[in-house]
Every structure is written in structure tokens, then in C-alpha cells.
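In this note's numbering, the protein residues as written are 1 to 138.
We treat Cβ as the ideally placed atom computed from N, Cα and C, and that holds for glycine.
Small disclaimer: the values here were computed from a predicted structure and weren't measured.
These notes concern the structure reproduced below.
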């Protein structure tokens, strides 16, 4: 599993050789197992030297993350499960950063939309006027 490549998108697959794994003890309460097992997983991807990235992908990711992408998983008591979680999180972060967002095209409201909006405002204002307390001029 740790040797399998990470599928980020159809055009981007991160090879396992580009990944650096670090393991340490998880923080928080625990018994004998938690104090001795290195279940916390830290997964690093150095974007400057990753062979599986194309030049445009590399430039986009460097702009978004900087030189190194770091993902940490310590949710589970199992190192294997934390490895899987770290791989999933890295793939999701890279996919989100590589996604090209469509630019918004500004539009003008139509004449009828303006007219309807003003009619609704007038109607709402009239309703509020009827709720007001009547003036007592005696």
C-alpha cells in the first residue's frame, strides 16, 4: 500500500519514490501500546524534486503550497490506518490545488428583473407602513 502510487487526477499520479514518510508516537492519553508504538504518520512531498510532476503542475503546486507539502495523520491507533489516511489526505489536497476554477463572468440584471425587484421593495415597504402605530393627534 505504501508503495502504490497516489492517484491525484487523470493527469497526475504521484510515485511512491517521491514520498518521504516519518513516524512518531501519537500525543494524548493512552496505555502501554500508545507510549511505545510510533503510530503518528507524517507524509512529505518535496515538490521541487518530485519526478512524477509535470512543469505546469509543479508550478501550480509550488504557488499554492510552497516547496514541501506536509500531511499528518494520528487519528487511529494503527500505523497502517494512519498511513492510508495520510495518503488520502495528500491526494485530496493536491487534487484541490490542481483544480482549475472557472472565472466568474459579471452580468447585468435585466430590465424586468429591476422592475420586479423595485415592485417587491415597494410592496414590502407598504406592508411595514401598515404595521406602524397610528398617530394620536387629539
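Coil, strand or helix - residue i by DSSP
| i | result |
| --- | --- |
| residue 20 | strand |
| residue 106 | coil |
| residue 9 | strand |
| residue 43 | strand |
| residue 77 | coil |
| residue 129 | helix |
| residue 58 | helix |
| residue 70 | strand |
Cα-Cα separation between residue i and residue j, rounded to whole angstroms
| i | j | result |
| --- | --- | --- |
| residue 86 | residue 54 | 23 angstroms |
| residue 37 | residue 95 | 31 angstroms |
| residue 124 | residue 100 | 42 angstroms |
| residue 130 | residue 63 | 58 angstroms |
| residue 39 | residue 106 | 50 angstroms |
Neighbourhood of residue i by C-beta distance below 8 angstroms, restricted to the same chain and skipping five residues each side
| i | result |
| --- | --- |
| residue 20 | 43, 44, 45, 46 |
| residue 13 | 5, 6, 7, 52 |
| residue 60 | 97, 98 |
Contact set for residue i: own chain, Cβ-Cβ below 6 angstroms, skip 5 residues either direction
| i | result |
| --- | --- |
| residue 89 | 71 |
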